[in-house]
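**Q** Per the numbering used here: the sequence shown = residues 2 to 616. The beta carbon of each residue, even a glycine, is placed where N, CA and C say it ideally should be.
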Amino acid sequence: MPPTPSHPTLQAVSDRIRIRSQSLRRDYLAQVQRLANRPRGSDRLGCANVAHAIAAMPAQDKLRIVAEKSPHLAVVSAYNDMLSAHQPYAGYPELLRDEAHRLGATLQVAGGVPAMCDGVTQGTPGMEMSLFSRDVIAMGTAIALSHDVFDAALLLGVCDKIVPGLLIGALHFGHLPCVFVPAGPMSSGLSNSDKAKVREQAAQGLVGREALLQAESQAYHGPGTCTFYGTANSNQMLLEAMGLHVPGAAFVHPHSPLREALTRQAVRTAVAHTRARAGERFVPIGVQVDERVIVNAMVALLATGGSTNHLIHWVAVARAAGIVIDWTDFSELSHVVPLLARVYPNGQADVNQFQAAGGPSFVLRELCAAGLMHAEVTTLSDQGLADYARVPVLQQGPTGELHWQDLPPGTPDDSVVRTAADPFSATGGLRLLSGNLGRSVIKVSAVPAERHVIEAPARVFDSQEAMQRAFQAGELASDVVVVVRFQGPQSNGMPELHKLTPPLSVLQGQGFKVALVTDGRMSGASGKVPAAIHVSPEALAGGPLAKVRDGDLIRLDATAGTLDALVDASQWDQREHAVPTEAQQQDSAHGLGRELFAGLRRQVRSAEEGAVSWL
Numbered sequence: 002m003p004p005t006p007s008h009p010t011l012q013a014v015s016d017r018i019r020i021r022s023q024s025l026r027r028d029y030l031a032q033v034q035r036l037a038n039r040p041r042g043s044d045r046l047g048c049a050n051v052a053h054a055i056a057a058m059p060a061q062d063k064l065r066i067v068a069e070k071s072p073h074l075a076v077v078s079a080y081n082d083m084l085s086a087h088q089p090y091a092g093y094p095e096l097l098r099d100e101a102h103r104l105g106a107t108l109q110v111a112g113g114v115p116a117m118c119d120g121v122t123q124g125t126p127g128m129e130m131s132l133f134s135r136d137v138i139a140m141g142t143a144i145a146l147s148h149d150v151f152d153a154a155l156l157l158g159v160c161d162k163i164v165p166g167l168l169i170g171a172l173h174f175g176h177l178p179c180v181f182v183p184a185g186p187m188s189s190g191l192s193n194s195d196k197a198k199v200r201e202q203a204a205q206g207l208v209g210r211e212a213l214l215q216a217e218s219q220a221y222h223g224p225g226t227c228t229f230y231g232t233a234n235s236n237q238m239l240l241e242a243m244g245l246h247v248p249g250a251a252f253v254h255p256h257s258p259l260r261e262a263l264t265r266q267a268v269r270t271a272v273a274h275t276r277a278r279a280g281e282r283f284v285p286i287g288v289q290v291d292e293r294v295i296v297n298a299m300v301a302l303l304a305t306g307g308s309t310n311h312l313i314h315w316v317a318v319a320r321a322a323g324i325v326i327d328w329t330d331f332s333e334l335s336h337v338v339p340l341l342a343r344v345y346p347n348g349q350a351d352v353n354q355f356q357a358a359g360g361p362s363f364v365l366r367e368l369c370a371a372g373l374m375h376a377e378v379t380t381l382s383d384q385g386l387a388d389y390a391r392v393p394v395l396q397q398g399p400t401g402e403l404h405w406q407d408l409p410p411g412t413p414d415d416s417v418v419r420t421a422a423d424p425f426s427a428t429g430g431l432r433l434l435s436g437n438l439g440r441s442v443i444k445v446s447a448v449p450a451e452r453h454v455i456e457a458p459a460r461v462f463d464s465q466e467a468m469q470r471a472f473q474a475g476e477l478a479s480d481v482v483v484v485v486r487f488q489g490p491q492s493n494g495m496p497e498l499h500k501l502t503p504p505l506s507v508l509q510g511q512g513f514k515v516a517l518v519t520d521g522r523m524s525g526a527s528g529k530v531p532a533a534i535h536v537s538p539e540a541l542a543g544g545p546l547a548k549v550r551d552g553d554l555i556r557l558d559a560t561a562g563t564l565d566a567l568v569d570a571s572q573w574d575q576r577e578h579a580v581p582t583e584a585q586q587q588d589s590a591h592g593l594g595r596e597l598f599a600g601l602r603r604q605v606r607s608a609e610e611g612a613v614s615w616l
């Protein structure tokens, strides 16, 4: 069958991005081509350099690299056993090396990158380093690959900032073929909705620490990614849409035979895509990730109600490939991309139920059939995105060979996934808001329609701790728009404010009109409370959020796409900008290593520019 013609909006946005990025992209590809055309590393480097690179390797591997000129793969790993999602990576180097040897190739762990758990650091000073850790990971990836002896790279990471950081770093080595190797989600425990109920009870003082810890431990209980559809699992969905995984690898459990088969296939894919294997495909990541691939990732995010964090991260990812996107691009796509999945916090299902219902393969099949993705892009598989619309299975028998099969037609579970012809919503899960308070984004996929418009007096806070104290004192029990400012990247690193969700949910559950407006981030787990986040420019940079005063009437209208303080224009123009106190500034600048990030805070770009610190 001929491919479905692209939707006019998809094509228009893609064309606009291509034209906008033309100069940057041309320069980027020229650099990729220059580096790709060099002799391979062991032939190009000096003898002492090569000797250092292979000194600790077995004699047979040395022979393969120097004499046989076999493919040599780098592994960049975000392994640690602090993150449940990354703990399974402990044994991956030996597994990957074994498969490389089967293929006559060699492999080295080129380096490790830091990986912090946002679940541990939520609401603590450590969270103020979270966003910047993405760029540190990108730098760590660059350091690992700077040895410049490799023919391809395997990138091991799953969670929030780790995948964007690895991807940004890899795109700065765009001449290398790169394969991302996931580890899979943990098994389902206490449901996400039941966990949220206990959190709300704890916020009201109805249950104590013991009951709360028991519930949290039943939800987060074993190896693998957390099972809600937050930033980590959104990462995996977007990598599938970009063709940077082995097809269907995202949500297979860590210790299943299928997971090992997919991991071995990642090695085979990397080897096949190196120039060292004459006659096979050479697919460097910098060429593979073009504007159409970036748009495919944006569409996948919108169609699944994915994490708002990616409105920052994928702007940075695109920029690393010489491509410029902005929130207007997301907004225009959101108006035509249907919502095809309901996974918590946008529904009751977790990612395991999503996978059982067809998962990324189902969503990609529907989007391609509707002309809402560029299906003919270059991927790690031979057939473009068509292969990513199929599911991997292991054949029965002693060999247990890996193959892919089509999903059955229709919807396996219409409470979790829907076809493009019968979606949960005709439009995507994200909206752009603009007005006299600046530009911001809101995730509406989990917000009831009757709460898409909130108009209420402002209560202004300069920290999330101050807001928590006011809630506990009973000061917020009314219709209210909670404004939490000085939370942008320049202020304190733009921490996630996920700890605000339970008290705001309690207020909403009591029947009040409630919304959050902030220049900070919410977690990928943000849900049913209307939240205008990433407000840009941020308050510290002279943004209008610094003008808001207690009692100002704020109108958040996700339907019209507006965010305004309903204050007389002349009065608004004359208002002075509030500034954080010296104590506030000092608190965010010191302690627990935050001093080390001062330079990043000084030079970081705005949230809409991807909060990048390396331009």
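Does DSSP put ILE555 in a helix, in a strand, or in coil?
**A** Here ILE555 sits in strand by DSSP.
**Q** Considering TRP405, what are the terminal residues of the beta strand (DSSP E) in which it resides?
**A** Note, TRP405: beta strand (DSSP E), 403-407.
**Q** From what residue to what residue does the beta strand (DSSP E) around GLU456 run?
**A** Note, GLU456: beta strand (DSSP E), 454-462.
**Q** Using the C-alpha atoms, what's the distance from HIS336 back to VAL448?
**A** Whole-angstrom Cα-Cα distance: 17 Å.
**Q** Please report the distance separating the alpha-carbon of MET2 from that of HIS8.
**A** Only weak support is given to the placement of MET2: the predicted model assigns it a pLDDT of 48, under 50, and the question is left unresolved by the model.
**Q** What residues match up with VAL482 in a beta bridge as DSSP calls it?
**A** DSSP output for VAL482 lists ALA459, ALA516 as bridge partner(s).
**Q** Would you call the region 351-367 in contact with the region 230-247, where contact means no fewer than 3 C-beta pairs closer than 8 Å?
**A** Touching, yes.
**Q** Between the C-alpha atoms of LEU155 and ALA79, what's the straight-line distance to the nearest angstrom?
**A** In a straight line, the C-alpha of LEU155 is about 11 Å away from that of ALA79.
**Q** Suppose contacts are defined by Cβ-Cβ distances below 8 Å. Is SER589 in contact with GLN604 by that definition?
**A** No.
**Q** Could you check which residue in VAL549, LEU501, GLY562, GLN585 has the C-alpha nearest to that of GLN205?
**A** Among VAL549, LEU501, GLY562, GLN585, the Cα nearest to that of GLN205 is on LEU501.
**Q** Just to confirm, are PRO89 and VAL110 a CB contact at a threshold of 8 Å?
**A** Not closer than 8 Å, so no.
**Q** Inspect the beta-carbon positions of ALA301 and LEU239 and report whether they are closer than 8 Å.
**A** The answer is yes: Cβ separation under 8 Å.
**Q** May I ask which residues mark the beginning and end of the alpha helix (DSSP H) holding HIS311?
**A** 311-321 is the span of the alpha helix (DSSP H), which, as asked, contains HIS311.
**Q** To the nearest angstrom, how far is the alpha carbon of LEU207 from that of PRO424?
**A** The alpha-carbon atoms of LEU207 and PRO424 are separated by roughly 38 Å.
**Q** Expressed to the nearest angstrom, what Euclidean distance is found between the alpha-carbon atoms of PHE133 and VAL442?
**A** Their Cα atoms are separated by approximately 20 Å.
**Q** Cα-Cα, which of CYS118, ALA106, ASP149 is closest to HIS87?
**A** Checking every option, the nearest Cα to that of HIS87 belongs to CYS118.
**Q** Determine the burial state of LEU557: buried for a count of at least 16 other Cβ atoms within 10 Å of its Cβ, exposed for fewer.
**A** Burial call: buried.
**Q** Can you list, in chain order, the stretches of the alpha helix (DSSP H) that have 4 or more residues and sit fully within the region 14-88?
**A** With a minimum length of 4 residues, the continuous alpha helix (DSSP H) runs that stay inside the region 14-88 are 23-37, 42-45, 48-55, 60-67.
**Q** Just to check my reading of the structure: ALA342 and ALA304 have Cβ atoms closer than 8 Å, yes? What is that Cβ distance to the nearest angstrom?
**A** That pair is a contact at about 7 Å.
**Q** Cutting at 6 Å between CB atoms, please list the residues of its own chain near PRO6, excluding the five before and the five after it.
**A** GLY372.
**Q** May I ask which residues mark the beginning and end of the beta strand (DSSP E) holding PHE181?
**A** That run of the beta strand (DSSP E) goes 179-182.
**Q** With distances taken between CB atoms, is the gap from SER85 to GLY190 smaller than 8 Å?
**A** Cβ distance not < 8 Å, so SER85 and GLY190 don't count as in contact.
**Q** Which class does ALA579 belong to by DSSP, given the choice of helix, strand or coil?
**A** Note: ALA579 maps to coil in three-state DSSP.
**Q** Residues in its own chain within less than 7 Å of GLY1 by CB, not counting five upstream and five downstream?
**A** Because residue 1 is not part of the residues shown, which for the chain are 2 to 616, the question remains open.
**Q** Looking only at DSSP bridge pairs, what is ASP565 linked to?
**A** Paired residue(s): ARG556.
**Q** Compute the Euclidean distance between the alpha carbons of VAL518 and ALA532, then round it to the nearest angstrom.
**A** If you take the alpha carbons of VAL518 and ALA532, they lie about 6 Å apart.
**Q** Near ALA298, which residues of its chain fall below 7 Å by C-beta distance, leaving aside the five closest residues on each side in sequence?
**A** Same-chain partners within the cutoff: LEU239, ALA242, MET243, TRP315.
**Q** Should LEU434 be labelled buried (16 or more other beta-carbon atoms within 10 Å of its own) or exposed?
**A** It is buried - the Cβ of LEU434 has at least 16 other Cβ atoms within 10 Å.
**Q** Leaving out five residues before and five after GLN12 in sequence, what residues of the same chain have Cβ atoms less than 8 Å from its Cβ?
**A** Hits under 8 Å: none found.
**Q** Less than 8 Å separating the beta-carbons of LEU546 and VAL530?
**A** No, Cβ-Cβ distance for LEU546 and VAL530 is not below 8 Å.
**Q** To which residues does DSSP link VAL110 through a beta bridge?
**A** Answer is VAL76.
**Q** Check this for me: beta carbons of PRO72 and THR275, under 8 Å apart or not?
**A** For PRO72 and THR275, yes; Cβs fall inside 8 Å.
**Q** Using three-state DSSP, classify ILE324 as helix, strand or coil.
**A** Three-state result, ILE324: coil.
**Q** Would you check if the distance between the CB atom of GLN123 and the CB atom of HIS499 is smaller than 8 Å?
**A** Contact: yes.
**Q** Please report the residue range of the alpha helix (DSSP H) in which HIS102 lies.
**A** Start and end: 93-103.
**Q** Residues in its own chain within less than 7 Å of HIS148 by CB, not counting five upstream and five downstream?
**A** Closer than 7 Å at Cβ, skipping near neighbours: ALA54, ALA111.
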